[in-house]
Every structure is written in C-alpha cells, then in structure tokens.
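Visitor:
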Amino acid sequence: KAMPTKKLKENEHMAELRKRVAKVPQDPGIYRWLDKHGKVLYIGKAKNLRSRLKSYLPPTASKKMGLPTGAPKRSEGTKVGPWKLAMRKQLADFDVTITNSELEALVLETNLIKEIKPKYNVMMKDDKSYLYVQISREPYPVIDIVRRDTAPNTTGFGPFIGTDNIRKTMDMLHTVFPYKACKKSLEALNRAVAKGGDPSTVFNEDSQPCLEFQIGECCGLCKGVLSQKEYNSTINNISDFLKGKRKTAIERLTKKMHQTAADKKFEKAANFRNTLQSIEQMERQLVSDTSDEDTDILGMAVVNGKALVVLFKVRDGKLIDELSLALAGEAEDICEALAQFIPQYYSTTPDIPDVIVVGEELEEHSLLQKWLEDQRQKKVELRIPERGKKSKLLILAEKNAQEKMKQMETKWETAAANIETALEELKESLQLAEKPKRIECYDISHLGGTETVGSMVVAKNGKAASDQYRSFTIRTLKEGEVDDYKALAEVLSRRLKYLTQNIKEEEKKWKKKGITFGKTRKKEVEFLEKTTKEIIEPKDFIVSRKTDIIIAYCSLHEHKGGTLEFEHLWVHDKWKDPLLLSLLARKLLHRVKKGKVYAIMKKADEDLFGELGFQYIKEVPTPLQKKLRGRTAMMYVVKEHKDDASLSAKPNLLVIDGGKGQVSTIVSVLKKLELDIPIIGLAKREEEIFIPGSSHPLPFDKDSQAKLLLMRLRNEAHRFANQLREKKGHKAATKSALDDVPGIGEKTKKELLNKFGSVERIRETSDEDLLSILNTTQLDTLKTTLTDHC
Numbered sequence: 133k134a135m136p137t138k139k140l141k142e143n144e145h146m147a148e149l150r151k152r153v154a155k156v157p158q159d160p161g162i163y164r165w166l167d168k169h170g171k172v173l174y175i176g177k178a179k180n181l182r183s184r185l186k187s188y189l190p191p192t193a194s195k196k197m198g199l200p201t202g203a204p205k206r207s208e209g210t211k212v213g214p215w216k217l218a219m220r221k222q223l224a225d226f227d228v229t230i231t232n233s234e235l236e237a238l239v240l241e242t243n244l245i246k247e248i249k250p251k252y253n254v255m256m257k258d259d260k261s262y263l264y265v266q267i268s269r270e271p272y273p274v275i276d277i278v279r280r281d282t283a284p285n286t287t288g289f290g291p292f293i294g295t296d297n298i299r300k301t302m303d304m305l306h307t308v309f310p311y312k313a314c315k316k317s318l319e320a321l322n323r324a325v326a327k328g329g330d331p332s333t334v335f336n337e338d339s340q341p342c343l344e345f346q347i348g349e350c351c352g353l354c355k356g357v358l359s360q361k362e363y364n365s366t367i368n369n370i371s372d373f374l375k376g377k378r379k380t381a382i383e384r385l386t387k388k389m390h391q392t393a394a395d396k397k398f399e400k401a402a403n404f405r406n407t408l409q410s411i412e413q414m415e416r417q418l419v420s421d422t423s424d425e426d427t428d429i430l431g432m433a434v435v436n437g438k439a440l441v442v443l444f445k446v447r448d449g450k451l452i453d454e455l456s457l458a459l460a461g462e463a464e465d466i467c468e469a470l471a472q473f474i475p476q477y478y479s480t481t482p483d484i485p486d487v488i489v490v491g492e493e494l495e496e497h498s499l500l501q502k503w504l505e506d507q508r509q510k511k512v513e514l515r516i517p518e519r520g521k522k523s524k525l526l527i528l529a530e531k532n533a534q535e536k537m538k539q540m541e542t543k544w545e546t547a548a549a550n551i552e553t554a555l556e557e558l559k560e561s562l563q564l565a566e567k568p569k570r571i572e573c574y575d576i577s578h579l580g581g582t583e584t585v586g587s588m589v590v591a592k593n594g595k596a597a598s599d600q601y602r603s604f605t606i607r608t609l610k611e612g613e614v615d616d617y618k619a620l621a622e623v624l625s626r627r628l629k630y631l632t633q634n635i636k637e638e639e640k641k642w643k644k645k646g647i648t649f650g651k652t653r654k655k656e657v658e659f660l661e662k663t664t665k666e667i668i669e670p671k672d673f674i675v676s677r678k679t680d681i682i683i684a685y686c687s688l689h690e691h692k693g694g695t696l697e698f699e700h701l702w703v704h705d706k707w708k709d710p711l712l713l714s715l716l717a718r719k720l721l722h723r724v725k726k727g728k729v730y731a732i733m734k735k736a737d738e739d740l741f742g743e744l745g746f747q748y749i750k751e752v753p754t755p756l757q758k759k760l761r762g763r764t765a766m767m768y769v770v771k772e773h774k775d776d777a778s779l780s781a782k783p784n785l786l787v788i789d790g791g792k793g794q795v796s797t798i799v800s801v802l803k804k805l806e807l808d809i810p811i812i813g814l815a816k817r818e819e820e821i822f823i824p825g826s827s828h829p830l831p832f833d834k835d836s837q838a839k840l841l842l843m844r845l846r847n848e849a850h851r852f853a854n855q856l857r858e859k860k861g862h863k864a865a866t867k868s869a870l871d872d873v874p875g876i877g878e879k880t881k882k883e884l885l886n887k888f889g890s891v892e893r894i895r896e897t898s899d900e901d902l903l904s905i906l907n908t909t910q911l912d913t914l915k916t917t918l919t920d921h922c
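Each residue of the sequence shown is one higher than the one before, starting from 133 at the first, in my numbering.
(1) Of all the options Gly348, Ile347, Phe289 and Thr764, which has the alpha carbon lying nearest to the alpha carbon of Asp372?
(2) Under three-state DSSP, which class holds Lys706?
(3) Can you give the Cα-Cα distance for Glu496 and Leu440, rounded to whole angstroms?
(4) Looking at Ser796: is its Cβ nearer than 9 Å to the Cβ of Pro829?
(5) Measure the alpha-carbon distance for Gln910 versus Pro284 and round it to whole angstroms.
(6) Report yes if the CB atom of Cys467 is closer than 9 Å to the CB atom of Glu493, and no otherwise.
(7) Does the beta carbon of Thr679 fall short of 8 Å from some heavy atom of the ligand ADP?
(8) So the alpha helix (DSSP H) Ala549 belongs to, where does it begin and stop?
(9) Assuming Leu805 contacts Lys629 under a Cβ cut-off of 8 Å, what Cβ separation, rounded to an integer in Å, is found between them?
(10) Please list, in chain order, all residues of the same chain as Leu321 whose beta carbon is under 6 Å from its beta carbon, the five residues on each side excluded.
(11) Output the distance between the C-alpha atoms of Asn593 and Leu564, rounded to the nearest integer angstrom.
(12) Report all residues from its chain with a CB closer than 8 Å to the CB of Pro204; omit the five preceding and five following residues, and keep chain order.
(13) Quick check: what's the CA-CA separation for Ser420 versus Ala533?
(14) List the endpoints of the continuous alpha helix (DSSP H) containing Val446.
(15) Taking Cβ positions, are Val729 and Leu688 nearer each other than 9 Å?
(16) Using C-beta distances below 6 Å, list every residue in its chain close to Asp227, excluding the 5 sequence neighbours before and after it, in chain order.
(17) Could you give the residue range of the beta strand (DSSP E) that holds His578?
(18) With a CB to CB cut of under 6 Å and the five nearest residues on each side skipped, what residues in its chain are close to Gln472?
(19) Please report the distance separating the alpha-carbon of Val770 from that of Val274.
(20) Once you ignore the five residues that flank Ala849 on each side, which residues in its own chain have a CB closer than 7 Å to its CB?
(21) Would you kindly work out how many angstroms separate the C-alpha atoms of Ile876 and Glu858, rounded to a whole number?
(22) Please report how far the alpha carbon of Leu760 lies from the alpha carbon of Tyr748, in whole angstroms.
(23) Going by C-alpha to C-alpha distance, which of Ile370, Ala313, Leu374 and Gly329 sits closest to Gln346?
(24) Going by DSSP in three states, Gln813 sits in which element: helix, strand or coil?
(25) For Ser317, count the other beta carbons within 10 Å of its own beta carbon; 16 or more makes it buried, fewer makes it exposed. Which is it?
(26) DSSP three-state label for Cys354, please.
(27) Could you check which residue in Met766, Lys641 and Ile571 has the C-alpha nearest to that of Arg607?
(28) Whole-angstrom Cβ separation of Arg269 and Arg893, contact assumed at under 8 Å?
(29) Considering only the beta carbon of each residue, do Pro250 and Val357 sit closer than 9 Å?
(30) Is it a yes or a no for the stretch 520–535 touching the stretch 423–436, going by three-plus beta-carbon pairs under 8 Å?
(31) Check for me: the beta strand (DSSP E) holding Lys774 runs from which residue to which?
(32) To which residues of the same chain is Arg515 closer than 8 Å at the C-beta, ignoring the five residues directly before and after it?
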C-alpha cells in the first residue's frame with residue numbers, strides 16, 4: 133500500500149533534520165527548536181548538543197525494534213512524553229549556540245526563556261505580578277515597592293504575591309518603626325551628604341513640614357525630628373523584619389500597647405494589639421528547625437503538563453512565608469520543571485538562602501548549585517533530605533502543591549464548561565451562524581479631551597488572548613476635542629480596513645473596469661507639469677490610467693534634509709471615487725519602508741488623509757512650514773501600518789462599550805466598508821445589551837454565562853484603555869525639559885540624568901561638572917533652555 137503524500141513529506145523532513153543534527157558539535161550549549169514560521173517553540177541547554185537534539189526526533193524504521201547505537205540515556209529524553217510528541221509535529225528547524233561550559237549554557241538558557249517565552253518551556257508567569265521591597269544603599273535609604281527585580285545599589289526582599297498584602301505589611305511596619313519620609317526631604321538630605329555637607333543643617337524644627345508629616349505619613353526628616361543615625365536604625369529594623377527577624381517588632385509593639393492602655397487610649401491600644409496579632413500570625417511555626425540554616429523548601433506537583441510550586445521560607449528556624457507559584461508552559465515531569473524553575477526564580481529574587489530543599493535528584497544538581505553560589509556569592513546547598521524536620525516540611529510542601537493543583541484543575545474544568553455554555557448561548561441569542569470563536573471588544577478613554585486612546589481586546593474561544601490586544605492613538609480629534617462617537621468610528625475604521633484592504637485584489641477589481649496603476653511614462657511628464665504647475669521628477673509619481681489617459685495621480689517628494697512629503701493628490705472630476713484615491717495613495721505609501729511621511733492639505737481633505745492613517749501634528753518640519761497658510765499638517769508613521777496577524781483575523785462578533793448610539797455609529801462604518809459582521813453594544817448603567825435596528829435591549833438572565841462573558845470582556849477593554857491613557861498621560865507629564873534642548877540627543881540626555889539624577893539637580897550642578905559630559909556649545913544651549921523652562 134502506498135504511503136500517503138503528507139506522511140511521506142513528514143518522513144523526508146525528519147530525515148533532513150536527522151542529517152543536520154548529525155553534524156551538530158558534541159559541545160555544551162543551548163538549542164532552539166523552531167516551527168515553520170521561525171517561531172521558537174522550545175529552548176534547552178545540553179552538555180552534548182548533538183545527543184540532546186537527537187533525543188527529540190523519532191527513531192528511524194531500522195532502529196524502532198531496539199535502542200540505536202549511542203542512544204541517549206533516559207535523562208536525555210529517550211522516553212518521549214505527550215508534550216514532546218505534540219511539539220515534534222511542529223518541528224521545522226533548529227538553531228544552536230555553543231558555550232564554553234554548562235554553567236554558561238544555563239545562564240544563557242535562563243535569560244532567553246525569560247525574554248522569548250517559548251510555548252513548551254516551563255516558565256514563571258509574568259514577573260510583573262510579583263512585588264519586591266527595595267531599599268536603596270544611600271546615606272538616607274529610600275524604601276520602595278517595585279514590580280521588577282531590584283535595581284543596582286539597592287537591597288531587595290521578595291518576591292511577594294498580591295499588592296494589598298505587602299502594602300498592608302509596610303503600613304503596619306510604619307506604626308512600629310516610623311520609616312516613611314517625604315521625597316523632598318530624602319532627596320535634599322542625600323544631596324547634602326553627596327556634596328560633603330552636614331545633613332543636620334538642612335532641616336530643623338522651624339522648617340515647614342510636609343503634608344504627609346501633618347497626617348502621620350512622614351517620620352519627620354523634613355522637621356529635623358530624626359538624626360541620620362536614628363533614621364538608619366529604623367531602616368535596619370525594617371530590613372531585619374523582612375528577613376524574618378521579628379523579635380524587635382514584637383517587643384516594641386507590646387511596649388506601645390501596654391503604654392497606650394495605661395494612658396487610657398484604649399482605641400489606640402486595640403490597634404496595637406491587632407497589629408501584634410498580625411505579626412504573631414506571621415510568626416506561626418508549623419515546624420521548628422534549630423539548624424540556624426535559612427532554607428527554602430520547594431514542593432512541586434505536575435498534572436497533565438501543568439506545574440505548580442509551593443515554596444516554604446524558613447528563616448531563623450521559623451516558617452515565615454509560603455508562596456504558591458503556578459507555572460506557564462508545558463512540563464514533562466517534576467525533575468525537568470524544577471531544573472527550569474530554580475534558575476528562573478532565583479535570578480529574580482535577592483533572597484537566596486543557605487539551603488534549597490527539593491524532592492528529586494536532578495540531573496544538573498551540581499551545575500545548579502554552582503550557579504546558585506555564583507548568584508549569591510556565598511555557599512548554597514541544593515539538598516534532598518532523607519529524614520528530619522526539613523524532610524517533614526518537604527512532604528508538607530508537596531502535599532500542599534498537589535492539593536492546590538487539584539483545586540486549580542477543578543476551577544479550569546468549571547471555567548471551561550461555563551465558557552462553552554456562554555458561547556452556545558451567544559450563538560442562539562444573537563442568531564449567529566456559529567459559536568463566536570473570536571470576539572473583539574472596543575472602548576475609548578480620554579481625560580477631558582486629552583490623551584484620547586482606543587482599545588481592542590480579544591477573546592478566542594471565550595478566553596482572553598492578550599497577545600491579540602491592540603491600542604489606537606486617536607488621530608482625527610484635535611487637542612481638547614471630545615467626541616467618543618468620532619473616536620470609536622476612527623478606531624473601527626482603522627481596524628476593519630485590514631479586512632478589506634488588499635492591494636492586489638483591489639487592483640484586479642479596477643482592472644476589470646479598464647483602470648490600471650503604474651509609474652510615470654516620458655510622454656506623460658508634460659501633462660503632469662501642466663496640471664501641477666511645477667517641474668516634476670517622474671520617479672516621484674504614481675499614476676492611474678483609463679486606457680492611456682491619466683485619471684489620477686499623487687507623488688512623494690524628499691526635501692533637503694530627508695523630510696518626505698506626500699503631495700499632488702489629484703483625480704479627474706469624472707472619476708472622483710474615494711476608493712480609487714485610497715488605493716492609489718496606499719500603493720505610493722507602500723514604497724516607504726521606514727520613517728515618517730508628512731502632508732499639507734485643505735481642511736476638506738482631512739478625513740481622507742485620516743482614513744489613510746495620517747494623524748494631526750503640532751510641530752511642522754521646517755521645509756513644509758511655508759506651505760501651511762491656514763492649511764492642515766498631518767503625519768504618517770510607516771511602522772504603524774505593517775502587516776498584523778491580529779488585525780488580519782476576522783472577528784465573529786464585535787462588542788462596543790456603549791448603547792444604541794455607539795452601535796449605530798459602527799453599523800455605518802461596516803456599511804461603508806461593505807462588511808457583514810455581527811455587532812452588539814453593552815451599556816454600562818444597566819448592563820443592557822443592544823443590537824442594530826432595535827430600540828429595546830435583548831433579554832438575558834441575570835446569571836447568564838453569555839452576559840457575564842461579555843461583561844468581563846467589556847471590563848477588560850475598559851481596563852486596557854485606561855491603562856493606555858494613563859501611560860500616555862504619564863509620558864507627557866514626565867517629558868523632560870532636556871527633550872527641548874537642541875544639540876542634545878537621547879544618549880547625552882541619559883548620561884546627564886544617570887549622573888545627576890534629575891533636571892533640578894542638573895540646574896544646580898557647576899559648569900565644570902557638566903563639561904565632563906557636554907561640550908561648551910551644548911552647555912550654553914542647555915543653560916539657556918533650562919532658564920526658559922523655569
């Protein structure tokens with residue numbers, strides 16, 4: 133029986149991969165498996181690259197009955213699990229990087245997994261969800277809660293899970309060790325010490341206190357209440373507490389509680405008592421350990437390719453914290469998951485203990501231990517306990533991991549069933565042809581007509597697909613203009629045009645009407661110069677012809693200095709069709725591979741250029757300024773108009789944050805683009821759902837899974853839009869005065885800010901110090917500009 137063509141091609145492809153793998157060196161390094169699109173599926177490290185890569189490929193027919201000569205051991209992957217089988221079907225290519233040692237390979241693998249996030253690697257989930265307490269190493273230390281690993285010249289503690297918990301802990305610590313200080317006082321005191329001055333003379337009792345001090349949220353540095361020594365002693369107490377040394381905090385709180393009770397301040401005493409109970413709850417001891425070794429216990433469970441770690445932190449012999457970390461990616465077994473988790477987790481936390489307890493013998497035990505010691509710069513032991521208290525804690529951690537994984541599985545099953553119900557209900561209620569596999573939801577956000585943005589969030593098969601989310605900076609509204617309908621129409625027009633605009637297909641349609649597009653011919657130059665009233669460069673133009681007669685044209689002109697201008701958009705009166713002009717202009721703009729294109733147009737043409745992707749600008753390039761004369765300047769950013777997988781996908785349902793008015797606006801957009809896509813509006817006030825052509829909302833039960841899905845999606849669109857608007861607003865608010873200094877580029881600006889800290893400090897810096905970075909011309913320009921900004 134003949135082998136199917138598809139199977140034959142697969143075998144030929146695997147044979148080709150085997151040939152290439154056979155030529156890979158037997159050195160240590162990292163490897164990347166790629167799919168047919170070049171996307172990285174998996175990143176791994178190996179002591180022997182050739183041997184490890186072979187383990188992923190199916191054995192040849194002649195070797196299926198037994199192990200091939202020189203086959204890898206089980207640890208090298210001879211036994212192929214379900215996720216490797218799934219990945220094997222997608223393997224199209226691979227890439228390797230040779231390293232000098234296994235340790236170097238481990239470091240490179242960890243960094244690449246974090247950056248690329250391959251589908252089949254076990255990974256810690258996005259570290260933005262983890263929080264760290266960061267204490268700067270300055271004369272007057274600054275305490276911050278940050279979402280990333282701690283910065284240089286700081287001491288860090290964490291990660292902590294949950295914003296509320298760590299903020300409550302730090303607020304509670306302020307009642308025990310008043311450490312909070314206003315930014316103004318910390319900056320002034322640290323600046324005084326840096327200049328060799330006496331910090332005790334910066335503030336005194338006569339100084340005007342900050343608002344935080346007046347409401348009890350500042351320790352009083354700005355009033356000279358605390359000396360440098362006293363403040364640093366407070367910070368040391370905070371640091372000890374975060375390390376698990378809580379005896380001083382308990383003693384101080386107990387004393388405060390008794391003192392306030394003796395003073396008959398019973399409400400305050402009760403608050404101290406509650407705080408004391410919170411700390412004692414933190415101090416609870418499930419297991420006591422007298423070994424004096426700071427220890428992390430890693431209990432792991434792997435179920436159906438999903439992994440979860442329960443991490444117990446033991447400090448000073450006491451169990452002080454528990455973290456539950458669900459991992460992304462696909463896990464083959466506990467050994468592999470642990471081997472990938474350890475370097476990822478301990479590269480993000482500054483708190484590496486003396487001992488890390490695991491329940492499995494890891495193939496790379498000595499390599500991981502060496503890496504941990506390099507990270508900590510002290511001895512670290514990776515230990516498998518056989519008996520004793522650490523063994524009991526490990527059993528407890530593993531039991532917790534298994535139980536949490538069971539709970540997660542139950543949640544997943546329930547969520548999957550609810551999603552299926554919701555999609556089926558949407559199909560029936562909205563009379564859709566099929567269940568809406570792709571739902572897109574839109575929202576507009578602005579702050580009084582400024583920083584207006586649009587958001588698009590996507591649900592695929594009922595689940596949020598954040599990699600498909602897109603944002604839109606509104607181009608057709610001027611500064612201060614408020615028009616949500618117009619903004620929404622712009623967002624949907626720009627998004628949906630990806631479904632209609634296909635230059636090749638559009639050209640075919642026009643060709644059927646006898647209209648073609650092309651470069652300027654020699655005999656046409658005279659006509660173009662006559663109609664433009666300019667001497668032209670033929671290569672700048674693109675023309676549209678009906679038989680041999682030009683019916684439309686436009687051009688791109690590069691001014692001296694590189695400014696690129698779109699101009700001369702013209703069409704014969706008989707052929708005034710916006711679709712014709714749009715195609716002609718887009719064909720010309722496709723010639724530009726990077727950068728920006730500017731245009732000056734009459735007010736009547738603003739909408740046309742807006743639909744092409746041009747946006748309003750405040751600062752007009754010098755070569756175009758003389759052309760303004762009451763006209764409008766707009767700009768086209770090339771990188772914003774490249775192919776996009778998400779925008780090219782057709783949605784099964786559009787959801788608009790709004791009611792009947794918003795729905796009608798989008799119906800007009802769909803008609804204009806000749807698209808037939810179901811659309812609904814979800815009004816906020818009563819959570820009512822509207823469809824086109826009906827003035828009454830659709831009836832949905834209060835606990836309808838379909839309605840709940842739409843509300844979750846609408847809320848996500850709202851969150852995403854607000855996040856974008858706040859980010860945009862923050863960027864505008866933090867725009868540095870250095871941005872306006874002619875002759876100072878991004879690199880020099882960074883050097884100045886890195887060395888002197890802020891624009892305010894740059895103003896106070898001597899010319900001599902500034903000349904270590906700037907030349908004399910830059911210095912003069914800088915001083916003039918900063919004076920103007922005062």
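Cβ coordinates follow ideal geometry from the N, Cα and C atoms, glycine included.
Guide: Working from what's here:
(1) That would be Phe289, whose Cα lies nearest to the Cα of Asp372.
(2) Taken through DSSP and simplified to helix, strand or coil, Lys706 comes out as helix.
(3) As the crow flies, the alpha-carbon of Glu496 is around 20 Å from that of Leu440.
(4) Not in contact: Ser796 and Pro829 (Cβ atoms no closer than 9 Å).
(5) Taking C-alpha positions only, Gln910 is separated from Pro284 by approximately 30 Å.
(6) Yes. Within cutoff.
(7) Looking for the ligand ADP in the displayed structure turns up nothing, as the structure carries no ligands at all.
(8) Lys521 to Ser561 is the extent of the alpha helix (DSSP H) around Ala549.
(9) With 8 Å as the limit, Leu805 and Lys629 qualify as a contact, their Cβ atoms being about 7 Å apart.
(10) Closer than 6 Å at Cβ, skipping near neighbours: Tyr272, Pro331 and Val334.
(11) Answer to the nearest angstrom: the Cα atoms are 15 Å apart.
(12) Low confidence applies here, because Pro204 scores a pLDDT of 38, under 50, leaving its location unreliable; read the following figure in that light. Excluding positions up to five away in sequence, the list reads Ser183, Arg184, Lys186, Ser187 and Thr210.
(13) Annotation note: pLDDT 47 at Ser420 (below 50); position unreliable, no value reported.
(14) That residue, Val446, is in no alpha helix (DSSP H); its beta strand (DSSP E) goes Lys438 to Arg447.
(15) Yes; because the gap between Cβ atoms is below 9 Å, this pair is in contact.
(16) Shown here for Asp227: same chain residues with a beta carbon closer than 6 Å to its own, the five before and five after excluded, namely Arg164 in chain order.
(17) Boundaries of the beta strand (DSSP E) harbouring His578: Arg570 to Leu579, taken from the DSSP string.
(18) Answer for Gln472: Val254, listed in chain order.
(19) Cα atoms of Val770 and Val274: separation of roughly 43 Å, rounded to the nearest angstrom.
(20) Result list for Ala849: Cys573, Tyr574, Asp575, Ser587, Val589 and Asp789, in chain order.
(21) One C-alpha to the other measures close to 28 Å.
(22) When rounded, the distance between both Cα atoms is 13 Å.
(23) Distances from the CA of Gln346 to each of Ile370, Ala313, Leu374 and Gly329 were compared; the closest alpha carbon is that of Ala313.
(24) Note that residue 813 is Gly in the sequence shown, not Gln. Strand at Gly813.
(25) So Ser317 counts as buried.
(26) In the structure shown, Cys354 sits in a helix (DSSP, three-state: H, G or I).
(27) Selected option, being the one with the closest Cα: Met766.
(28) For Arg269 against Arg893, the beta-carbon gap comes to about 19 Å, at or over 8 Å, which does not count as contact.
(29) Note that the C-beta distance between Pro250 and Val357 is not below 9 Å.
(30) Yes: the two stretches touch, three or more of their Cβ pairs being nearer than 8 Å.
(31) From DSSP, Lys774 is part of no beta strand (DSSP E); its letter is neither H nor E.
(32) Closer than 8 Å at Cβ, skipping near neighbours: Val487, Ile488, Val489, Val490 and Lys522.
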